[in-house]
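Presented below is the structure to which this report refers.
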Amino acid sequence: MRGSLNERQRLAVEHGDGPLLVLSGAGTGKTRVLVHRIATLIEHGVAPWEILAVTFTNKAAQEMRERLRQLLGDRVSPMWIGTFHATCARLLRRWGEAIDVPRDFQILDTDDQLKVIGKLLKEDGSDEACSPRTLLTRFDRAKNRGEDPTTVHTGQYLDDIVARLYPKYAERLRKEHAVDFNDLLLHVLRLAEHPEVGPRLATQFRHVLVDEFQDTNRVQYRLVMHLAHATRNVTVVGDDDQSIYGWRGAEPRNMFDFERDFPDVTVIRLEQNYRSTSIILDAANAVIARNRERHAKSLWTERGGGDPLGWHEAGDERGEASFIAGEIRKMIDHEDVSPRDVAILYRTHAQSRALEDQLRRFGLHPEIVGGLGFYERKEVKDVVAYLRLLTNPASDISFERVVNTPSRGIGDVTVDKVRVVARERELPLVEAARIAVREGAGGLAGAARKKLAGFVDLLDGLTAVIAAGASVAELVIQVVERSRYREILEADKSEEARGRLGNLAELVTVAADYDDEVGGEGDVLGLLERLALTAPGDDTRDDQPRVRMTTVHAAKGLEFPVVFLAGMEDGLFPSLREREDQDQDAAMEEERRLAYVAMTRAKDRLILSAARTRRTWGEIRMQVVSRFLDDIPPACLPRPSRKPVHVGGGADWRRVTAPTSSTVSSPGRGRAGARPAHRGTSWDEHDQRSYDDDEPSFDLDGDRDRAKVREDRIGPGASVVHGQFGSGRVVDASGQGKDRKLVIDFPEIGQKTVLARFVTVA
DNA sequence: GTCGTCCCGGGTTCC
DNA sequence: CCGGGACGAC
């Protein structure tokens, strides 16, 4: 079973007891090592439930589970595999009461936190001085390091606001039985110091293994120390070149502190890359090599050659997306490429929109990982708030969210009266509402009282549904029905309302899946926890092969035969935002590591792209090609220089561009991938003609203008070639310019209507 | 008490 | 471009 491991991998896998540090480069099989190591431990008699494996994302946990299942079968299920957050949530549910964390605690998402902070700022009269976001950042920055936000002084004017409001924030959360993401870890740290629970935690896991250790923060480091210091059986795996979570408090120095804290640690370096072609690896290494703050390592590969990187500069983001979608279409149609083999990576979620649209236009199905996803949709959050309120009446945040959602005539005035009652009697809002309805407390009367009574009845009815033993899915359905959410959305005939209804249906499905998975043991709390800790898209099961689209951050740990890296523009990638609290050089180094991570996701082909103009917030901005491209050796990335290059002229880098031998020119591979760079026109310019839709008005490239005119001239009778359908004859035409449509008769396929700009005259 | 309109601001990245 | 909050009109 371990036959295919190399020497060093085998050493790591078969390492016995004691601390182990695996320093691993990209694509060196570190996840494999972890998986095999766990399997080996179990084969040597360690019980599955004595093993804790910490992954960085839920997705990674899922994958590890899956791979272990292949090796071990059902023994996997009692194992602790998950993120720090998910693990801590589990530990807290079990032991939290020892430190006064209630069993029904709920996890606040960033949105909830911002709302709470916003309210506190307003009450304090400081909402002009500081945004909720700023304050939250200050809280988090301290908490990431395990420090008390009120005692961190930066000499800024915010210090006293932080000192004043953080205790209020913490108190508010405590009252509501709520914890934020950081609390989840910090509470467990407190638990570790508890006289009874602490020792149990320290010996609960005979082996602790942590992936992506370079991205742990100080609190996580201390957690690992607590959980492992008694047994000393701790394996950590990381690569300082792939540290991309500095903004979240990650401290790559944890890897080196680890060596200090365990002087007898065994260190194993994995340096053979099995993933990428040497050209891709060379390119990525050239980019990362410019970082000063790094522990140099030498990654090598036995995979020779490979295609040079692809490059395309489009007029705008739509053109870029269209190029990418077109290339993928061609690969799937003409080569042995499946949609699952391809990933599109980008720096920010905002870029996903255009890409998604164009993929669909080319008949491709995107799977968007992360992003403004499902669980952040308003209607989903509304229904979730009902569930929270039902399981945790102390949740005032949830009460305020749903008391008038959907609108039932309960306005601010009424809610204010309830607030007064709540404050006077020191009760949660729901309880106060009950009393107001029953006794008319707070001066509540007439229609308002009646409407509020209706809301209380709704909650009571739903509580009865739970008491009757309904499944979680059934409860979700009842919430949607009884709140009249469905009715109201159905009455609304708009596209938007239909979408929202669809999302609620999806939520029911998620709940039903949860019910199935836990086999009727499920409680609402469990579903809520899963929703809070699972990024949207983490659990998409596939009905059809989809092209993955994701941020570079979310792509860490993954690999794909074909990778498109979009938006290679200065300001976007690298992002060039000023942060007063962060050193610019450090920020640039992190961007560089991010580029390194992105590029090393690719196994066989890597295609970079950029747009000359980009729309952000409705404003069109001119873009400059990313500075990272200058670091890539021209031999790896043939592209026209920024200045016009005369063909065959001078001692420019074209002389050393891709040797013809490395040009894989299998028939039918279209224009994708490699092209000898010594042609008269570079292939990317050529492509642009057929893909770019929206040329920026200032672009005076005559060639492309001519191409447009040509589109309009294509009429009935013309013989044309289409990228997907092949050659055919035009039978009808309508529209002009980029909207010009042609009806074409393809001999094999029949008649199709296609846009003129996707065909060329035969 | 709700609903429409206008204005403002949006932190990139994730658990 | 978008959504949320503030404000004014019913």
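For the first sequence, the numbering used here assigns the number 851 to the initial residue and increments by one for each residue that follows. Cβ coordinates follow ideal geometry from the N, Cα and C atoms, glycine included.
Sixteen is the threshold: when 16 or more other Cβ atoms of the shown chains lie within 10 Å of the Cβ of residue 1156, as they do, the residue is buried.
Residue 931 is bridged by DSSP to 903. Under DSSP, residue 872 forms a beta bridge with 1087 and 1118. In terms of Cα proximity to residue 960, the closest of 1028, 1243 and 1280 is 1028.
Short of 6 angstroms from the beta carbon of residue 1406, and not among the five residues preceding or following it, lie these beta carbons of its own chain, in chain order: 1447. Within its own chain, the residues whose Cβ lies closer than 6 angstroms to the Cβ of residue 1212, once the five positions on either side in sequence are excluded, are 1175 and 1179, listed in chain order. In terms of Cα proximity to residue 1352, the closest of 1259, 857 and 1335 is 1335.
By the Cβ neighbour-count rule, residue 1467 is exposed, with fewer than 16 other Cβ atoms within 10 Å of its own. Pairing residue 999 with residue 966, the inter-Cα distance amounts to about 16 angstroms. Just so you know, the alpha carbons of residue 1363 and residue 1398 end up roughly 23 angstroms apart. Taking C-alpha positions only, residue 1010 is separated from residue 1404 by approximately 36 angstroms.
In this structure, residue 912 keeps its C-beta atom at 8 angstroms or more from the C-beta atom of residue 883. Linking residue 1167 to residue 1592 through their CA atoms gives a straight-line distance of about 25 angstroms.
For residue 1196, the enclosing beta strand (DSSP E) has its first and last residue at 1192-1196. Bounds of any beta strand (DSSP E) do not take in residue 1423, whose DSSP letter is neither H nor E. Ranking 1488, 1470 and 1460 by CA distance to the CA of residue 1476 puts 1460 first.
Each residue's CA atom was taken as its position, placing residue 1236 and residue 934 some 27 angstroms apart.
Beta-bridge analysis with DSSP links residue 1458 to 1161 and 1415. Comparing C-alpha distances from residue 918 to each of 888, 1283 and 1595 shows the shortest one belongs to 888. Taking a 10 Å sphere around the C-beta of residue 1007, we find fewer than 16 other C-beta atoms and assign the residue as exposed. Among the bridge pairs identified by DSSP, residue 1150 is matched with 1122. Counting along the chain, the unbroken beta strand (DSSP E) around residue 1463 starts and ends at 1463-1466.
By the Cβ-count criterion, residue 1245 is buried, with 16 or more other Cβ atoms from all chains shown falling within 10 Å of its own Cβ. Under the 10 Å beta carbon count, residue 1470 is surrounded by fewer than 16 other beta carbons and is classified as exposed. Bridge partners of residue 1067 according to DSSP: 1100. Unbroken alpha helix (DSSP H) runs of no fewer than 4 residues, entirely contained in the stretch 1341-1383, are found at 1345-1368 and 1374-1383, following chain order. Residue 1082 carries a coil assignment under DSSP once its states are collapsed to helix, strand and coil. Taking the Cα positions, residue 863 is about 17 angstroms away from residue 875. Residues 964 of the same chain have their beta carbon placed closer than 7 angstroms to that of residue 983, with the five preceding and five following residues left out of the count. Under the three-state reduction of DSSP output, residue 1093 falls in the coil class, being neither helix nor strand. Out of 873, 880 and 1489, the CA that lies nearest to the CA of residue 1409 is found in 880. DSSP, read as helix, strand or coil, puts residue 1582 in strand. The distance from the Cβ of residue 1301 to that of residue 1260 is about 5 angstroms, consistent with a contact at the 8 angstroms cut-off.
For residue 1469, the beta-bridge partners assigned by DSSP are 1466. For residue 1450, the secondary structure class from DSSP, reduced to helix, strand or coil, is coil. Note that the C-beta distance between residue 1279 and residue 1269 is below 8 angstroms.
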